[in-house]
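Undergrad: Pasting a structure below so you can have a look.
Chains as they are written, first to last, in this note's numbering: chain A, 3 to 393; chain B, 147 to 465.
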């Protein structure tokens with residue numbers, strides 16, 4: 003047992019090293035892009051990206067605020083990935099949750115105090131769950147590919163929300179939803195007193211705690227419960243799971259429901275922040291939903307990893323915002339993140355090599371076969387010479 | 147009757163890009179590589195093609211149809227180039243194919259905006275739309291068929307049908323097609339009879355890249371007069387059309403036109419007398435294509451014909 007935990011530690015370490023390497027590659031290519039665009043300001047630009055989120059406490063607060071929704075959609079995508087489903091529908095689930103939260107926040111002002119906020123969160127979670135339920139049911143019962151069902155649900159959700167906003171909570175002057183009641187916004191918990199610079203406070207609020215708690219909860223469910231184990235088993239092999247007596251249809255539905263709930267919660271957290279943000283009536287899909295995909299991938303679908311990757315992406319974005327004073331378009335950040343993700347795909351291979359080396363060492367020390375680590379399966383790397391393991 | 151003509155002409159503008167891109171995706175997935183990067187490749191293709199048109203229009207007075215054909219070639223070349231990064235990750239590095247696809251989807255719009263702002267200081271790239279063909283000589287004068295298919299059209303429409311015909315023949319009637327399909331169904335078996343699986347998969351991804359690049363350009367030209375780093379989610383819709391079409395050219399054609407027609411009704415209902423009188427709100431109409439697709443799928447998906455080895459990296463050593 004002791005040996006196993008040591009091995010797992012090493013696996014976590016090699017994961018971390020691999021991610022770090024991918025991030026360095028991304029930053030290097032981002033720097034090259036900056037150099038090509040404007041050699042004079044490239045270095046200060048890169049510095050702004052790297053330090054922008056930490057330049058003052060207000061910026062750090064903004065990072066935490068921006069991280070909240072993408073951590074939640076990242077958890078949504080990552081959770082579905084763990085169970086073998088690709089939830090590309092986080093965008094629709096997100097916006098539906100956001101709408102329900104805003105609707106209650108504007109119309110149900112009879113609910114007193116922070117209870118209103120909690121009601122909004124709960125309702126948004128349910129709405130998101132409902133939006134995930136439908137693709138789940140279609141997949142489980144009618145064998146509809148979840149990717150296509152989710153894409154359709156994204157558009158249906160977007161148009162439905164546009165329609166319903168105009169019907170119920172429309173600010174026709176600004177072409178967006180009405181502001182919610184003051185007590186529908188997340189409590190600041192004194193964080194606005196810490197994360198501020200001078201007179202301007204940041205938008206950070208209790209939402210970030212919700213996101214972190216959600217991450218821990220997802221971790222607990224996936225890793226520590228029988229229910230989560232069953233869902234994961236479905237993800238590895240649907241047939242094997244069925245053979246083991248797991249109701250895999252129920253598993254599909256549940257994992258889409260939970261993924262939807264997380265995205266819906268993310269929608270509520272973005273708009274119930276007292277940051278003056280309202281849902282705009284536009285024919286574009288909510289970007290936070292799609293940003294959940296890179297966040298999940300960067301966090302290797304691990305709930306705790308996703309919390310950090312969400313923070314990292316938000317941190318880079320804040321840096322990109324600061325970098326604009328040097329005349330660079332903030333899209334450099336997306337370029338960097340995409341390169342990081344691309345190299346993260348390679349890093350799975352790298353991790354496989356690191357793991358093999360570690361295994362070999364352990365093998366030499368103990369002269370007995372190691373138990374297979376129960377993390378994600380090692381990346382298949384046939385081109386690499388077999389390191390003499392499993393003799 | 148003029149309403150019908152109008153509807154058919156409009157449907158072409160929506161369906162043809164979906165058709166081209168979904169057929170591209172078909173080649174990639176039939177070879178065993180999931181290509182979720184279609185959206186990103188479309189954006190890169192549209193970006194390079196439109197930029198090429200923009201530059202050429204301001205420098206040379208080229209015949210518009212020739213310029214369009216050259217732009218199509220540029221878009222295809224850039225599409226192939228971008229798709230190769232996906233192929234390298236998916237085939238050589240045996241990476242999770244969703245990851246590199248997502249990376250490209252994220253990279254493309256960011257790069258298009260960044261590059262456009264660097265080159266032109268604004269992110270939109272305008273172009274003069276003189277590619278529309280009011281009426282094809284001779285063919286446009288045929289009664290009924292003429293107005294349906296040969297008026298108010300673009301060269302790219304016929305390109306789309308040509309791609310369909312070539313794809314169907316290539317996939318089912320050639321040695322290449324048989325080998326490609328074998329690599330997507332059972333790569334080990336294909337390898338055992340001497341087919342180079344890696345090469346076939348590279349070819350599949352390259353074709354998907356070329357067609358997605360062209361599809362991006364084909365989408366932008368009839369529907370806009372500038373390119374704003376977006377193809378409005380058509381890459382994802384093409385993915386949906388591909389799955390809806392069960393990875394088969396004839397069904398993809400049907401799926402693309404079903405979706406295109408729904409989309410046309412949704413965007414042009416005010417021009418259709420009896421629909422305009424119903425007084426249903428705009429947003430409800432816009433939902434129709436997506437709801438209809440879901441309903442059709444719910445009834446037709448029982449037997450999915452997805453390529454069996456799709457998304458699984460080929461490993462020579464595995465059993």
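Heads up, the beta-carbon is just placed ideally off N, CA and C, and yes, glycines get one too.
Residue 341(B): which of 173(B), 325(B), 351(B), 352(B) sits nearest, CA to CA?
TA: Among 173(B), 325(B), 351(B), 352(B), the Cα nearest to that of residue 341(B) is on 325(B).
Undergrad: Hey, could you find the ends of the alpha helix (DSSP H) residue 313(B) is sitting in?
TA: From DSSP, the alpha helix (DSSP H) with residue 313(B) extends over 301-319.
Undergrad: With H, G and I counted as helix, E and B as strand and the rest as coil, what does DSSP make of residue 347(A)?
TA: In this structure, residue 347(A) counts as helix in the three-state DSSP scheme.
Undergrad: First and last residue of the beta strand (DSSP E) that includes residue 281(B)?
TA: Segment 279-281, the beta strand (DSSP E) holding residue 281(B).
Undergrad: Is it buried or exposed for residue 308(B), if we count other Cβ within 10 angstroms and need 16 for buried?
TA: By the neighbour-count rule (16 or more Cβ atoms within 10 Å), residue 308(B) is not buried but exposed.
Undergrad: Who are the Cβ neighbours of residue 393(A) in its own chain at under 7 Å, not counting the five residues just before and after it?
TA: With a pLDDT of 33 at residue 393(A), under the threshold of 50, the modelled position of this residue cannot be trusted, and the question is left open.
Undergrad: In chain order, what residues of the same chain lie with their CB nearer than 7 Å to the CB of residue 166(A), ignoring the 5 residues before and after it?
TA: Excluding sequence neighbours, residue 166(A) sits near 101.
Undergrad: Thinking just about the alpha-carbon of each residue, which of 92(A), 196(A), 157(A) is nearest to the one in residue 433(B)?
TA: When each option's Cα is compared against that of residue 433(B), the closest is 157(A).
Undergrad: What three-state label does DSSP hand residue 179(A) in the structure shown?
TA: Residue 179(A) falls in the strand class under three-state DSSP.
Undergrad: Using 10 angstroms around the beta-carbon of residue 177(A), count the other beta-carbons present and answer buried if the total reaches 16, otherwise exposed.
TA: Looking at its Cβ environment, which holds fewer than 16 other Cβ atoms inside 10 Å, residue 177(A) is exposed.
Undergrad: What residues from the segment 322-350 of chain B come within 8 Å of chain A, judged by C-beta to C-beta, listed N to C?
TA: Going along the segment 322-350 of chain B in chain order, one finds no residue with a Cβ nearer than 8 Å to chain A.
Undergrad: Between the Cα of residue 116(A) and the Cα atoms of 214(A), 189(A), 42(A), 243(A), which residue gives the shortest distance?
TA: Taking only the C-alpha atoms, the option nearest residue 116(A) is 189(A).
Undergrad: Going by beta carbon distance, what residues of the same chain come within less than 8 Å of residue 418(B), once the five residues before and after it are set aside?
TA: Excluding sequence neighbours, residue 418(B) sits near 149, 153, 411.
Undergrad: Can you list the residues of chain B that residue 331(A) reaches, using a CB-CB cut of under 7 Å?
TA: In chain order: 259, 260, 263.
Undergrad: When DSSP labels each residue in this structure, what does residue 41(A) get in the three-state scheme?
TA: Residue state, collapsed to three classes: coil.
Undergrad: Could you tell me which residues DSSP pairs with residue 285(A) in its beta bridges?
TA: In the DSSP output, where bridge partners are listed per residue, residue 285(A) has none listed.
Undergrad: Let me know if residue 182(A) comes out buried or exposed under the rule of 16 or more other beta-carbons within 10 Å of its beta-carbon.
TA: So residue 182(A) ends up on the buried side.
Undergrad: Would DSSP call residue 205(A) helix, strand or coil?
TA: Coil.
Undergrad: Is there at least one Cβ from chain B nearer than 8 Å to residue 101(A)'s Cβ?
TA: Taking Cβ atoms only, chain B never reaches closer than 8 Å to residue 101(A), which makes this a no.
Undergrad: Given residue 350(B), which residues of its chain have a CB within under 7 Å of its CB, disregarding the five upstream and five downstream residues?
TA: Same-chain partners within the cutoff: 173, 174, 176, 177, 179, 326.
Undergrad: Please go through the same chain and pick out, in chain order, the residues whose beta-carbon is closer than 7 Å to the beta-carbon of residue 250(A), but skip the five residues on each side of it.
TA: 236, 240, 243, 244.
Undergrad: Considering just the uninterrupted stretch of the alpha helix (DSSP H) at residue 173(B), what are its terminal residues?
TA: Per DSSP, residue 173(B) belongs to the alpha helix (DSSP H) from 148-176.
Undergrad: Run through DSSP, which three-state label would residue 342(B) get?
TA: The answer is coil: DSSP assigns residue 342(B) none of H, G, I, E or B.
Undergrad: So that I know if they touch, is there some Cβ in chain A lying closer than 8 Å to that of residue 367(B)?
TA: No, its Cβ sits nowhere closer than 8 Å to a Cβ of chain A.
Undergrad: Going by the DSSP bridge assignment, what does residue 310(A) pair with across the sheet?
TA: Answer by DSSP bridge pairing: none, since residue 310(A) is not bridged.
Undergrad: Would you decide whether residue 339(B) is buried or exposed? Buried here means 16 or more other CB atoms lie within 10 Å of its CB.
TA: Looking at its Cβ environment, which holds fewer than 16 other Cβ atoms inside 10 Å, residue 339(B) is exposed.
Undergrad: For the segment 182-196 of chain B against the segment 368-376 of chain B, are there 3 or more C-beta pairs whose distance is under 8 Å?
TA: Output reads yes: the segment 368-376 of chain B touches the segment 182-196 of chain B.
Undergrad: When the Cα atoms are used, what is the spatial distance from residue 238(A) to residue 336(A)?
TA: Spanning the two alpha carbons is a distance of roughly 31 Å.
Undergrad: Given a limit of 7 Å on CB to CB distance, which residues of the segment 416-439 of chain B reach chain A?
TA: Within the segment 416-439 of chain B, the residues whose Cβ lies closer than 7 Å to some Cβ of chain A are 427, 429, 430, 432, 433, 436, 437, 439, listed in chain order.
Undergrad: Under 8 Å, Cβ to Cβ, is there at least one residue of chain E near residue 168(B)?
TA: No chain E appears in the structure shown, which is made up of the protein chains A and B.
Undergrad: Answer with yes or no whether the minimum CB distance from residue 249(B) to chain A is below 8 Å.
TA: It does; some Cβ of chain A falls within 8 Å.
Undergrad: Using a Cβ cut-off of 8 Å (strictly closer), state whether residue 17(A) contacts chain B.
TA: Not one chain B Cβ lies under 8 Å of residue 17(A).
Undergrad: Do residue 133(A) and residue 80(A) have their CB atoms nearer than 8 Å?
TA: No, the Cβ-Cβ distance between residue 133(A) and residue 80(A) is not below 8 Å.
Undergrad: Please tell me whether residue 371(A) has its Cβ less than 8 Å away from any Cβ of chain B.
TA: Bear in mind that the predicted position of residue 371(A) carries a pLDDT of just 48, short of 50, making it too unreliable to give a figure here.
Undergrad: Do residue 32(A) and residue 327(A) have their C-beta atoms closer together than 8 Å?
TA: No. Outside cutoff.
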